[in-house]
Each structure stands twice: as C-alpha cells, then as structure tokens.
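Undergrad: If you use the numbering used here, the sequence shown corresponds to residues 379 to 1304, in order. The beta carbon of each residue, even a glycine, is placed where N, CA and C say it ideally should be.
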Amino acid sequence: MTGERAPRVLRVNAVAHPGPDDPAARLSDHLRRGLGLTGTKVGCGTGDCGACTVMIDGQPAYSCLVPVGQVVGREVVTVEGLGGCTRTGAALQESLLAHQAVQCGFCLPGMLVTAAALLEDGAEVTAERVRTALDGVLCRCTGYHKIVDAVTAVASGAPPPSAPRTAKAGSAVGSPLRRLDGAAKTAGTDLFAADGIPRDALLARAVRSPHDRARFALGDLAAYRAAHPGLALVLTAADVPGRNLHGVAPAFADQPVLAEEHTRFRGEAVALVVGERAVVEALDLDRFPVVWTSLEPIRTVADGLRAGAPPIHSHRPDNVLIEGGCRTGDATAALDASHVLVEGRFTTQFVEHAYLEPEAGWAVAEGTGVAVYSCTQAPHAHRADLARILALDPEQVRVVPTAVGGGFGGKLDLTTQPFVALAALATGRPVAMVYTRAESMATSTKRHPAVLRARMGATADGRITGIEFDGDYNTGAYASWGSAVATRVPISAAGPYVVPAYRARTRAVHTNITPAGAFRGFGVPQTLVGQEQLIDELADACGVDPLEFRIRNALRPGDTTVTGQVLRDSVGIVECLQALRPRWSRARAACVSFNRHGGRFRRGAGIAAFLYGCGNTALSNPSTIRFGIRPDGTPVLHQGAVDAGQGANTVIPQIAADALGVPVTSLEIIGPDTSRTPDCGRTSASRQTFVTGRAAKDAGRALREQILKGRDIAATALLEPGEGTLRLRDDFRCVDVDLRSLPRDEFGYVFRAEETFDPPTTTLDGDGQGSPYAVYAFGAHLAEVQVDTETGQVEVRRVTAAHDVGRAVNPTLLEGQLEGGIAQGIGMALVEDYVPGQTDNLYDYEIPRATQMPSVESLFIESPSDLGPFGAKGIGEPALVPTPAAVLNALSHAIGGRVRSTPASPRRVLAALADHAVAASGGGRS
C-alpha cells in the first residue's frame, strides 16, 4: 500500500528478527539480552577492548558503541554465525584450536570476527596485516602469537599444525593435545559469568565511595526505596546476618562486605541497591542518600610507616599487616668482607590484572541455602567465606564457577559473590551483578607496589658471599594476599643461587589505595626488578659475563637454599642457563655490532633468572580428586581445579587418563562445583598441575588397582571401556568385567577412588628456616630490546624463555602460558601503571597489543620431580616472573644507565641516558 512503512527488520547471522523496541540501545545489549547471542562479549563498554566486535555489512565494528537502530536493514554477523555466514569463519575456528591459540577464550569472539572480516574478500594477507587488524582487540592471556599464526595460516592456506584431538591410552602426557574445552570457546557458546544470568533475575548495583578515605552517614533509605518503584531493597552492613568481614586468610580477614561508618579506599561499597533490571540500571547512584566527609588519605608506604600516621585499622596501629623474613649466616659480616659490593634502591608500580572479563555473577536461593554462580578461582574457599558472611553452614552454600575470562590471581578474592548471595536470600529471587570496567578496575586487587633495598657481595672470582634485602610492599586498604607476598618474597629474593650468608626482611604495609592482592608471582616479579639488576651489576664489578656469573652461582641438586632446604631433584636452572648460552652470545655480539655504527637507536640484551616455589608457602594446600567408573562403562573424573585459561581442564584429564590407562577422550569430566567436586584448592601459586595433577595421578592409579585386583591379568593390562563392560587385555588374555552386575556406591559408581595430595612442606622457624615448598620451578629469560635515544621509547624485539618444567604435560599449552606471561611482564616493565581514579579504563591503562609483542622462543628443560605427576611442576606464574627484570637488564645494556623504577617510561629512560652521560663524562648531577 502506498505510504506504508517497511517493517523494521534486524538481520543477524542471516536470520531476520523484529526491529528493536529501543533503537538507541547498544547493539551489544540487544544481541545478548534480546536475541540471546551471548557469544558477543562486553569487556569495557567503551570500545577499548574489542571483545564485542561484530561484522556489520562485512566490516568489523564495536557493538558496544553502535545503537541497534543503526543496523536495521543491514547484515550483522556474530561469532555464532561465522561458520555459515562468512567465507573463512569455520576454518578460523578450527585453526585457532589446531594452533592452541585458545586460553580463557573471552577475547576470541572479537578476534575471530575481526579476522573473518579481514579475510572475507580473499585478498593477500600477511602476518603483519593480521597483527595490525587484531590490534583493536585486546588479549591478556595468550601474548597474541598463536592467534596471529592461526589467522595467517588460514589466509595462506597452510596446513594446520599437529594438535591431536585425542591420544591413545597411556600417551596423553607429553602430547600437544588440543584443549578439551576449546571448541565451545571458539564457537562462542562457553558461558562466562555474565552469560548465564537467568532472565527473571533482579539486578544489584553497589553504592561506592568516591574518596580514598572518608566517613559517611546514610540518609533515609526507606524514602529512597519508595521513590523508586521497582526497587526491591537496599542493603547495608546492618543486613549482613553473619560476619561482615572476609579475606583470603581467615586470620587476617579485615574487609567488610559493606563498610560501616567509614571507607578505606576509593570504590569501597557502602550499600547495595537491588531491583528490576531497568529500574536499577536507570538509577543515578550519585543521588543516593549518603553524606561523605573526606579525610586525608595515606597513599604511600612511607606515609603509612611515618611516626604518628593514622592507623588504617585500629588493631594494626603501625599500619604493618605482617613482616616476613629469612636469615642464614651473618650477612653483614659476609658483605663487609666481600671483595666486591653493590647496592641499590628500586621501586615498582601498581599493576592492574586487566583480565578482559569484568567480575559478574548471580545467586539463586536453593533449599535452605543459596547457590552462587561466578567467575571465581577459588570455589571451596569462597564457599567457606560466604557461609561465615551469611551465617549458614558451608553445606548450605553451593559455589559453581562459570567459565573464567582471565584471572591471574585477581579472581581469588570475593567480589560480586556476597552481594548477590545476600540479595537472593533476602528477596527469594535470582539476583545478578555485573561490574562495569571502571568498577572492576577501581575495586579489584592489584599487584603490590614495592620499595626495595638490597646489598650483594662477591669474591674476586665471582662467587656470591652474601645478600641483604629489605622490601616494603603496599598492600592497600585490606589484607587480601599481603601475608602471602610478605612470606614468599624473603625466600625468592635470594634467587636461584647459592648464598652462604643471607638476611631478608619484608613488610606488607597498609595505605588508603585499592587493596593489593595476588597477581601472577606474589611479589616475586617486583623483587627481581631489583635483585636481578644487582646481580648484573655484581657480575660487571667482578668482570664476569652476566650469564656465566649466574651459572657459576646457580643451585644444583644437593645444594641448600637460604631456608636450609636441601634440593634433592628437579633443579634445572643450570640447564636453563646453558640452553640460553648460544643465543646469549649471538645476541650480545649483535648488539655490539649494531651499536658500533651510532645513531639514535641502540640495542641491548639482558637476562634474568629465578626460582619459584610451587604451591602455598610453608602451608598445607591439598587437592582431592574423585575418579569413578559408572555401570555403563564411562570413566568419570571429578576435577575441581578452576581453569582460568591456563589449561587445567585439559592437563588434569591428560594426567588422570594416563594413570588409569584409558584414552583421555573416554573420560566424562565433571568440572568445579562445590556440590559435585572435591576441593582442589585455589587456582593460584602455580599449584594446579603439580598438586591437583598429582592427586589425579594417584586417583587414577588407585582406581586402576581396584579394577585389576583379584583378576588374572597383568598389571600392565590395557583397559577398554565398553557399553556396560570393561575389557582388560594383556599380551596373553582378555577379561571382560560385567559392570552392570556390580553394586553401586553412594555416587553411583561400581569402582571409585578418591585421593588427596598435600605437598610435603614444613613451617618456617623464626629465622625463616625450613622447607616451605615441596618443589621449585626454575628458569631464565633472555630479552633483546631496541631503544630510541631521542624519544626514550623501548621496543622489546625478542624474548627467549628457558624453563625447567619437570615434565611437559602439554608442550603447546606451556608455550601459550609463556607467551602470555611474557606479554604481561613486558607491560609491567615498560607501560603499565595503575593510578586509582585516573586509569580505570583500558584506554588510559595501557596493556600490550598484538603489534607490540616481540618474537618469543620457548625452551623446555625436563628435570622431573619425584613428587610431580609424571615429573611435572607449575608454569603459570614462572612464565611472567623474570620478564620485567630481563627487559630492564637489556635496557641497561643498550643505554649504559639503569632505570630503577618501573615502568621504564620514556621519561625515565631519557633520565637514565642523561645520568649515564654525566657519569661517563666524570661529572655529577647538579
């Protein structure tokens, strides 16, 4: 009919949908809530991260910035439609899996859509073009290399690498098996914390302090609620039925769920508003009835330790959370007698985790208790804390981890969980909470800023005689993981070296900044920024090459650490350093040759080495695995270790399958859920492969022994699960076990094993003596840099990483861990610097992008641990630990001067160049 308007149609993935009710709504919100296409992720809402990228008429676009009304009548393609709506989408998804380019997976929808758009016209595409195209999509896990390689391979038609989907019985360990959970991540169907929220859930938002330190008084909350129909309730500290405190270590728990009377950091929550989603989203929380009185904050360690400084916590009047220490021999006397002595002071900055997935979750009343779904790294620990907060028995609280979009330690602490649990119990309805990017960055824990002082001595022939170390770590307003940092660092500050006389002291100091917590290394990367630079200076003073100096002083099997622990096996630091030797020689010679020609650019090569204890420091940290056979013949693995991208969902089954003697793909895996899986401890401290992996191996072996017991079959018999049977086969006979005829236990299994492994450690005495870890990771990184001496810009050109991994359970997953850890280490060394209230977004807070990553070579040394599963030990944190120090040593090699504060910004690099020029001319700074 003439004049009749055409229907408003939205075409998504070649399917027509009715036009939106609100054309001004964000396309990302309409896709996720209106159409249920949750593969499109929202990591920032400001177009800074690229996770929300979709194709609009063949071009990539940030859907969080596009009003849905603008795409009516156009073709939109999301990750869910790539296979059927693009030329290369399916091939890209397969290539990412084959290249082991999948870690947490939160960024992958944006990466895949961007790559598909790049390749859609069939034009020639180089790796450089791929990097440039992907530069608008951030990834915090992978270091980008495998993603770039996967996309480039599709563009060139290259055959995929060998990343097998399965492995025959007994050969999974050591195989580069592709991730068992990878397909859901590349398809966009893996459910992260904001993806599975019930449609009828209420929404919760927190009212937060705009001040670093303040007193506050709440106004008329009943009137506020009445003025906002649809608002179900307002919760304050008075509504917490149990203990209004939480913390990762119960003895140090000091952080309220909702603050009472005063706040200690900018962003601390004082109230929770809960109601219908549209109502709560529309609230202007700046108009919430609260009166603030701003108080003078303490921001630095020096201010916190100043005589007369106001205490952050009344029960810690000196603002010191905890002191740590280690002492052996007389370090002062050893240093006084040393032929060579070096000393220095170093500082490191506040570093944000910057995982792409903001914190989110929801809770549902369940029976007499509550079920909480969230992106957590610590389900059983969170259950215990929530039970105390809610005044419930632990059995009344169920914690179910969703897929976790990156963690790196930042999702070990409680965030949304107590809020949604309180609200769900109070309303009887599902309640959800999703942090904005700014809220996530303002309130989540960070890497501890540090102030470091040390002295080191050596003999004339380059043998370390003694070390003194003092480190103060800014733990912020609350304890979080400050106690773990203060106790781990004194052990690690000695490095992977024989140190006859040693004295280390650490303090975790409270201030009014965002709480500092666990971040991939528990203070060790900061510590090595100083210690490994001083090792270089000590080597130089002795006239010994820095690599050879490290080899000369490195720990070997049979040596004793500074805690008095004798290392019996799996001490591969010498082999790691020796593996780097030819590359080191070539790199140093190439730098000398390049620099000889002068010009504005200079190159340098530097090295840093480390030891890192796998697991908690001098504490029990067990994991328990349940493994059973169902009557239908299915082996079922209850695996409670959270996979935050590091690969536990694949590596633990690889270990378990080999221990039982079945193909890994025959396993049914029940993932983390406090009602279904035993406690596998926190995903932290590089412990899951070692501790949970060992429990999985023990459970597999115990289950195998049960099955074979009393049967006339060899101990090496193959196990072949079948429909209702289990066939046992050796070289001479075959035995069929009729599973359906066997009695079932309380879990429904006809055979079941449940095994716990707790690494054998001891507590430390007053001098820090004992065996704090059962096994140590060792390694060293070689960094090569180029410096623009006119601008101060530093480019990391190459990193070679040599690690003693014990046994490489999955070599390509290990490579991915190294590449991602190196990216984070480069960010810490050169660009990242979190400032509360100023860098609460992914534009002002810079992390490395695809075009900024150097080439990375991984060298794995296998020095097996008798305690580790098939010899394996951890890699998650060691991947990052030495990187910043190696980059800074390379920078010093390039420019002559040293940067003693991170990040090594252009301003600091230029200052170091100027200082070196003055020193070289025989002058001094005015």
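Which value, in whole angstroms, describes the spacing of the CA atoms of A1272 and C969?
TA: Distance between the alpha carbons of A1272 and C969 is about 8 Å.
Undergrad: Restricting to Cα atoms, I'd like to know which of A986, N852, P554, G899 is closest to E915.
TA: A986
Undergrad: Looking only at C-alpha atoms, which of G1252, A562, A983, S1236 sits nearest to S1243?
TA: G1252
Undergrad: Could you work out which residue in R1008, R1089, C992 is closest to R1065 when comparing CA atoms only?
TA: C992
Undergrad: Determine the direct distance from the alpha carbon of E1224 to that of A495, and round the result to whole angstroms.
TA: 25 Å
Undergrad: Going by the CB atoms, is the gap between F643 and G854 shorter than 9 Å?
TA: Yes, Cβ-Cβ distance for G854 and F643 is below 9 Å.
Undergrad: Quick one: grab the DSSP three-state call for S822.
TA: coil
Undergrad: Going by DSSP, what residue range makes up the beta strand (DSSP E) through H731?
TA: Premise fails: H731 is in no beta strand (DSSP E) and is neither H nor E.
Undergrad: Going by DSSP in three states, S971 sits in which element: helix, strand or coil?
TA: For S971, the secondary structure class from DSSP, reduced to helix, strand or coil, is helix.
Undergrad: Sort L1160, G500, V454, R723 by Cα distance to P960 and report the nearest one.
TA: L1160
Undergrad: Roughly how many angstroms separate the alpha carbons of H826 and T889, rounded to a whole number?
TA: 11 Å
Undergrad: Give the C-beta separation of F630 and L683 to the nearest angstrom, bearing in mind that I take them to be a contact with Cβ-Cβ under 8 Å.
TA: Contact flag wrong, Cβ pair sits at about 19 Å.
Undergrad: Can you list the beta strand (DSSP E) stretches of 3 or more residues lying completely in the region 683–752, in chain order?
TA: 698–706, 718–726, 738–744, 747–752
Undergrad: Assuming G1199 and T1261 form a contact by the criterion Cβ under 8 Å, report the distance between their Cβ atoms to the nearest whole angstrom.
TA: 7 Å
Undergrad: Which whole-angstrom value is the C-beta distance of L1266 and A1207, which I expect to be below 8 Å?
TA: About 6 Å separates the two Cβ atoms, so the contact holds.
Undergrad: For the beta strand (DSSP E) containing R833, name the first residue and the last one.
TA: Residues 828–836.
Undergrad: Let me make sure I understand the geometry here. Which of E659, T678, I1030 has the alpha-carbon closest to that of P1214?
TA: Of the listed residues, the one whose Cα sits closest to P1214 is T678.
Undergrad: Please name the residue, chosen from V585, S971, F1068, that lies closest to A1019 on a Cα-to-Cα basis.
TA: It is F1068.
Undergrad: By how many angstroms is the C-alpha of E817 removed from the C-alpha of V515?
TA: 21 Å
Undergrad: Can you give the Cα-Cα distance for N1219 and P1121, rounded to whole angstroms?
TA: 58 Å
Undergrad: Could you tell me which residues DSSP puts in a beta bridge with I1048?
TA: H1016
Undergrad: Is it true that the region 1075–1088 meets the region 999–1008, where meeting means three or more beta-carbon pairs spaced less than 8 Å apart?
TA: yes
Undergrad: Determine the extent of the alpha helix (DSSP H) in which C430 is found, giving its start and end residues.
TA: No alpha helix (DSSP H) contains C430, which DSSP labels as neither H nor E.
Undergrad: Beta-carbon separation of A1092 and S1001 under 9 Å?
TA: no
Undergrad: Would you list, in sequence order, the uninterrupted beta strand (DSSP E) runs of no fewer than 3 residues that lie entirely inside the region 1131–1169?
TA: 1154–1166
Undergrad: Would you check if there are 3 or more beta carbon pairs closer than 8 Å linking the region 1123–1131 to the region 923–941?
TA: no
Undergrad: To the nearest angstrom, report how far apart D400 and R410 are at their CA atoms.
TA: One C-alpha to the other measures close to 14 Å.
Undergrad: Would you identify the three-state DSSP class for L388, choosing helix, strand or coil?
TA: Residue state, collapsed to three classes: strand.
Undergrad: Can you find the residues in the same chain that come closer than 6 Å, C-beta to C-beta, to R1176, ignoring five residues on each side of it along the sequence?
TA: E1162, P1232, S1233
Undergrad: Within this structure, are the beta carbons of Q1195 and Q1024 separated by less than 9 Å?
TA: Closer than 9 Å, so yes.
Undergrad: Measuring only the C-alpha atoms, how far is R974 from Q1164?
TA: 14 Å
Undergrad: What would DSSP say about L1208, mapped onto helix, strand or coil?
TA: helix
Undergrad: Under three-state DSSP, which class holds D681?
TA: helix
Undergrad: Taking the CB atoms as reference points, tell me whether A894 and Y851 lie closer together than 9 Å.
TA: Yes; because the gap between Cβ atoms is below 9 Å, this pair is in contact.
Undergrad: Whose CA, out of G1144, V775, Y733, lies closest to the CA of S1053?
TA: When each option's Cα is compared against that of S1053, the closest is V775.
Undergrad: Determine the closest residue to V508 out of V585, G535, G467, D527, with distance taken between C-alpha atoms.
TA: D527
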